[in-house]
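Okay, so here's the structure we're looking at.
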Amino acid sequence: MNENNDIAIKVDHVYKSFNIYYDRANTLKERMLFFARNKRREKREVLKDINLDIKKGETVALIGVNGSGKSTLLKLMTQIIFPNKGTIETKGKLTSLLELGAGFHPDFSGRENIYFNSSIFGLTRKEIDERLDKIIEFSELQDFIDNPVRTYSSGMYMRLAFSVAINVDADILLIDEILSVGDQHFQEKCFNKMRELKKEGKTMVFVTHSMDSVKNLCDRAVWLYDGQVRMDGNTDEVVDEYLKVTM
Amino acid sequence: MNIFKKIYNYRELLKTNVKKEIRGRYKNSILGIMWSFLNPLLQLLVYSVIFGALLAGGDETYPIYICIALIPWTYFTTAITQAAFTVIGNADIIKKVYFPREILPISVVTSGAVNFVISTIIILAFVIFSGVGLSWYILLYPFILLIQYVLLLGIGFIVSSVTVYFRDLEHIIGVILMAAFYGTPIVYKLEQLPHTLQIIVQLNPMTHLINAYRDIFYYHQMPNMKILLILLGASIVLTVIGYFIFKKLQKGFAEEL
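Here the protein sequences come in this chain order: A and B.
Last residue of the first sequence? That's 247 in the working numbering, and every number before it is there in order.
Last residue of the second sequence? That's 257 in the working numbering, and every number before it is there in order.
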């Protein structure tokens, strides 16, 4: 096996810290008048020297307690934020679902939002046209698809968002703790779809607290603790160890 | 050039954004798209009455003289004001989804250009029905528009990214644009100014663009191509610089917003 060609996400010595301002000088006037103000800040290191190679076709779960840096790592992979030190490389088209219906326009109908949302993911008109029926069918929102999205329940919202993201045909899919919404039936459907994507060789990274879904779906788990990788390996081993320590 | 490929890949987003901005501007207003025409017309009416009495000296085509300048000027100011707000206004998506951030200022400047082309109908109506008439020089319109577009793109990249870090810029821009209105020969003729002021006003790129629009619509003569080419070159340089500033600053957008 040729290792180098098979890497989908390469995280190399990544550091990330955020500046926590107590009282932020946002405007020029404040900056000039109270130049000392911004000095009262705290640097919080969220990720320290993370190294991670995720191979093509792997399904990886990021687990860890709140504040351990899982979501930050996912945001770095999406390129919404950038590391202070180190590099992150991703290969192939990438889609992320960091929050429910990010980029939905509440006044637009479900159908218009499918177009809008897919275009944010970089699809062309033609590609969206081809997928439209599949997306609507998967979301089971046929009766509501022409209603404005603001009238949707949170479950419907999530179903639409998920259906779009999963039908983008990205090579890499990043998902942050969102599967908890939706009823049993839809969750089951999502898992099936993700298993299908896994078979097709897509790379997936999850952030989740649901150990059942981790064991159910992922071949590998990475346990983050206090901004560092505490354990990385076979799902069952990592999850068992994690549960033993945190329980 | 990576940037062109990226924008090409995301062309659907650019299109949707431009459409949203044009459609969204007059959404829920009774007169809808009519405001695209009414707004400049009413503004024109006010300026013609006030400045016509002060400056025109009995010239009956004075309203047309202003109109040809006012419409490109409106494109200039709205594009800059909106560009200054576009990143902040889209904070929600920026924090949650990856897409090339450059799309935001580009779609502001592009939707402004579409609006400008639509408003040009007013200019055409004016010159045709007033007897000023048309000339072949009108074929240079796309070229002049292109220069204005590139110039605005450069300014747009800079103001949209810098405002994220200095929110005051939004307000500073308002003041500068207000002053620039009088620093551009929109309501007066360049020759009416004292010599030293003329030199200052000529440093303003919009002066030359407006002169060019007037040449093709009003005076029916060849615009000064040498100045226009220099302006095009300078605008391209500004856009490249602006793009690099934008590229550098955009890495912090999600954290700053």
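Glycine is no exception: its CB is placed at the ideal position from the N, C-alpha and C atoms.
Everything numeric in this text was worked out from a predicted model, so none of it was measured.
Inset, instruction - For the segment 92-126 of chain B, enumerate the residues whose C-beta is nearer than 8 angstroms to any C-beta of chain A, in chain order. - result: Listed by position, the residues of the segment 92-126 of chain B near chain A (Cβ gap below 8 angstroms) are D92, I93, I94, K95, K96, V97, Y98, F99.
Inset, instruction - Specify, as a first and last residue, the run of the alpha helix (DSSP H) that R195/A falls within. - result: Per DSSP, R195/A belongs to the alpha helix (DSSP H) from 184-199.
Inset, instruction - List the residues of chain A whose Cβ lies closer than 7 angstroms to the Cβ of K251/B, in chain order. - result: Under the 7 angstroms cutoff, chain A gives F82.
Inset, instruction - Kindly provide the ranges of any alpha helix (DSSP H) runs that are 4 or more residues long and lie completely inside the segment 105-146 of chain A, ordered along the chain. - result: Secondary structure remark: continuous alpha helix (DSSP H) runs of at least 4 residues inside the segment 105-146 of chain A, in chain order: 110-120, 125-139.
Inset, instruction - Can you tell me which of L141/A, V60/A, D232/A, K93/A puts its alpha carbon nearest to the alpha carbon of N9/B? - result: Considering only alpha carbons, the answer is K93/A.
Inset, instruction - For M106/A, count neighbouring C-beta atoms within 10 Å of its own C-beta (all shown protein chains included) and say buried if the count is 16 or more, exposed if not. - result: One detail in the question is off: residue 106/A reads as Pro in this sequence, not Met. P106/A is exposed by the Cβ-count criterion.
Inset, instruction - Could you check if M1/A is buried or exposed, using at least 16 other CB atoms within 10 Å of its CB as the buried criterion? - result: With a pLDDT of only 42 at M1/A, under the threshold of 50, the placement of this residue in the model should not be trusted; the figure read from the coordinates follows. Answer is exposed; the Cβ neighbour count stays below 16.
Inset, instruction - Give a yes or no on whether the C-beta atoms belonging to I114/A and I135/A are separated by under 8 angstroms. - result: In this structure, I135/A lies closer than 8 angstroms to I114/A by Cβ.
Inset, instruction - For E21/B, name the three-state secondary structure that DSSP assigns. - result: Three-state DSSP puts E21/B in a helix.
Legend entry - Cβ of K16/B within 8 angstroms of any chain A Cβ: The identity of residue 16/B in the sequence shown is Thr, whereas the question assumes Lys. At a cut-off of 8 angstroms between beta carbons, T16/B contacts chain A.
Inset, instruction - Could you run through the segment 95-126 of chain A and flag, in chain order, every residue whose CB is less than 7 angstroms away from some CB of chain B? - result: So the list reads S96, L98, E99, A102, G103, Y115, F116, S119, I120, G122, L123, T124, R125, given in the order they occur along the chain.
Inset, instruction - Please go through the same chain and pick out, in chain order, the residues whose beta-carbon is closer than 7 angstroms to the beta-carbon of I314/B, but skip the five residues on each side of it. - result: The displayed coordinates of chain B run from 1 to 257. Any statement about residue 314/B would go beyond what the structure contains.
Inset, instruction - Less than 8 angstroms between the CB atoms is what I'm expecting for K215/A and T235/A, so what's the real figure, rounded? - result: About 6 angstroms separates the Cβ atoms of K215/A and T235/A, confirming a contact at the 8 angstroms cut-off.
Inset, instruction - Verify the CB distance criterion: does F18/A have a CB-CB separation below 8 angstroms to chain B? - result: Yes, its Cβ sits closer than 8 angstroms to a Cβ of chain B.
Inset, instruction - Would you kindly work out how many angstroms separate the C-alpha atoms of D248/A and T90/A, rounded to a whole number? - result: Limits of chain A in this structure are 1 at one end and 247 at the other, which puts residue 248/A out of reach.
Inset, instruction - Taking only beta-carbon positions, decide if T151/A is within less than 8 angstroms of chain B. - result: The C-beta of T151/A comes no closer than 8 angstroms to any C-beta of chain B.
Inset, instruction - Check E58/A in the structure and name its three-state DSSP category. - result: E58/A falls in the coil class under three-state DSSP.
Legend entry - Beta-carbon contacts of T77/B that lie in its chain and below 6 angstroms, excluding the five residues immediately before and after: The residues are L177.
Legend entry - For A170/A, three-class secondary structure by DSSP: Coil at A170/A, not helix or strand.
Legend entry - Interface partners of N9/B on chain A, CB under 7 angstroms: Neighbours of N9/B on chain A, chain order: G122.
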